[in-house]
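The C-terminal residue of the sequence shown carries number 287 in my numbering, and the numbering is unbroken.
Cβ coordinates follow ideal geometry from the N, Cα and C atoms, glycine included.
Data first, discussion second: the structure below is written as structure tokens.
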Amino acid sequence: MNTETQQKQRSTDQLIALLDAADRLPAAVELRELSYRLLGAGPHLSVVDVGCGAGRAVAELAERGAHALGVDPDVRMIAAARGRWPEADLRIAGAYELPLADASMDGYRSDKVFHELAEPERALAEARRVLTPGGRIVLIGQDWDTFVVDSDDPGLTRAIVHARADLIPGPRAARRYRNLLLDAGFGGVTLEVHTGVFTGTQMLPALVRLAEGARSAGAVTAEQADSWIGEQRARADVDRLFLALPVFVAAATAPR
Numbered sequence: 032m033n034t035e036t037q038q039k040q041r042s043t044d045q046l047i048a049l050l051d052a053a054d055r056l057p058a059a060v061e062l063r064e065l066s067y068r069l070l071g072a073g074p075h076l077s078v079v080d081v082g083c084g085a086g087r088a089v090a091e092l093a094e095r096g097a098h099a100l101g102v103d104p105d106v107r108m109i110a111a112a113r114g115r116w117p118e119a120d121l122r123i124a125g126a127y128e129l130p131l132a133d134a135s136m137d138g139y140r141s142d143k144v145f146h147e148l149a150e151p152e153r154a155l156a157e158a159r160r161v162l163t164p165g166g167r168i169v170l171i172g173q174d175w176d177t178f179v180v181d182s183d184d185p186g187l188t189r190a191i192v193h194a195r196a197d198l199i200p201g202p203r204a205a206r207r208y209r210n211l212l213l214d215a216g217f218g219g220v221t222l223e224v225h226t227g228v229f230t231g232t233q234m235l236p237a238l239v240r241l242a243e244g245a246r247s248a249g250a251v252t253a254e255q256a257d258s259w260i261g262e263q264r265a266r267a268d269v270d271r272l273f274l275a276l277p278v279f280v281a282a283a284t285a286p287r
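In structure tokens:
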């Protein structure tokens, strides 16, 4: 394994560890349960989880009796998912070209994915193609431009949050969910906003990644990033870390 491949694998492993920590939080468990209810997940329902990552939602949908299929464009993610859930139906594919026939799925779920898409409209056109008439779609995602972090230096914090957001193809995609779904022809669109509040050490790696992203973009100096990370670590050590972020949950129905 060459150095570049090793680095990519380490990055994937770190991301999976971060997602695992976030997925275990009670608020995240509740949001996944909400998404399954909005889909009407149950026996014999066919659901595709787009951007399935390490496959947790695919496994949980299958436990509810649904025929669940997970797709992700990252070969390493799918490999990790297959290692965890060897019985699951997992395929390498992106949101723009799903390996599915027209009108073949009753449900479409995508969690923390649309901010990574440069063309969300194209992904929703593909969702309409694979959904049966009256099929359900559920989108979940955070708004990357509105992270609320307590810090002794609010100006530096704003610079870090906005600079990290600017590295993402669609940092404000979640606030657009309703209009995107309406423009794509979906009906009965609903939208909920849940504020996640995190005060433990589980989200410290996410804050470190924020600062490292801002540093890589040249928005803050290495000294500023290290200082900010040091402050957040110190806050975590004395139970004073605070992060809040809005998570948007949109649901809609494919036209009949």
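Span of the alpha helix (DSSP H) holding residue i?
i	result
Pro185	Pro185 to Ala196
Ile260	Ala253 to Asp268
Ser247	Leu235 to Ser247
Pro151	Pro151 to Val161
Asp214	Tyr208 to Asp214
Leu92	Arg87 to Glu94
Identify, in the order they occur along the chain, each residue of the same chain with its Cβ nearer than 6 angstroms to the Cβ of residue i, setting aside the five sequence neighbours on each side.
i	result
Pro130	Arg122 and Ala124
Thr43	Arg107
Val180	Thr188 and Leu274
Thr221	Ala282
Lys143	Gly172
Gly244	Arg195 and Leu198
Asp80	Ala88, Val89, Gly101 and Arg140
Over what stretch of residues does the beta strand (DSSP E) that includes residue i continue unbroken?
i	result
Glu223	Gly218 to Phe229
Val106	Per DSSP, Val106 belongs to no beta strand (DSSP E); it is in the alpha helix (DSSP H), Val106 to Arg115.
Leu62	Careful: Leu62 lies outside any beta strand (DSSP E), inside the alpha helix (DSSP H) at Pro57 to Leu70.
Asp80	Ser77 to Val81
By alpha-carbon positions, which one of the options ends up nearest to residue i?
i	options	result
Gly84	Ile168, Met108, Ala53 and Gly166	Met108
Ala194	Gly249, Gly219 and Leu212	Gly249
Arg264	Gly82, Ser66 and Thr230	Thr230
Arg271	Gly244, Thr232 and Ser247	Thr232
Arg207	Gly165, Pro286, Ala253 and Pro151	Pro151
Asp183	Glu262, Leu198, Val251 and Pro286	Glu262
Asp268	Met234, Leu213 and Ser247	Met234
Gly82	Asn210, Leu241, Arg68 and Asp103	Asp103
Ala126	Ser135, Gly218 and Val161	Val161
Thr252	Pro202, Ala53, Leu211 and Ala190	Ala190
Gly219	Gly186, Pro117 and Arg287	Arg287
Could you give the DSSP three-state label for residue i: helix, strand or coil?
i	result
Asp120	strand
Asp133	coil
Val278	strand
Pro202	coil
Leu272	coil
Leu100	strand
Ala283	strand
Spatial neighbours of residue i within its chain, please: C-beta separation below 7 angstroms, excluding the five flanking residues on both sides.
i	result
Val239	Ile260
Thr1	Since the first and last residues shown for the chain are 32 and 287, residue 1 lies out of range.
Val228	Ala275
Leu70	Val78, Gly138, Arg140, Arg167 and Val169
Leu50	Gly84 and Ala85
Beta-carbon within less than 8 angstroms of residue i's beta-carbon, same chain only, minus the 5 sequence neighbours each way: which residues are those?
i	result
His75	Gly96, Ala97 and His98
Ala119	Gly86, Val89, Ala90, Ala93, Ala99, Gly101, Ala112 and Arg113
Gly73	Arg95, Gly96 and Ala97
Ala48	Pro236
Ser135	Ser77, Val161 and Thr163
Compare the C-beta of residue i with all C-beta atoms of chain D and state if any pair is closer than 8 angstroms.
i	result
Glu147	Going by chain labels, chain D is absent from the structure shown, which holds only one protein chain.
I think residue i touches residue j, with their Cβ atoms under 8 angstroms apart; what is that distance to the nearest whole Å?
i	j	result
Arg159	Ala215	6 angstroms
Leu148	Ala154	5 angstroms
Phe279	Val224	6 angstroms
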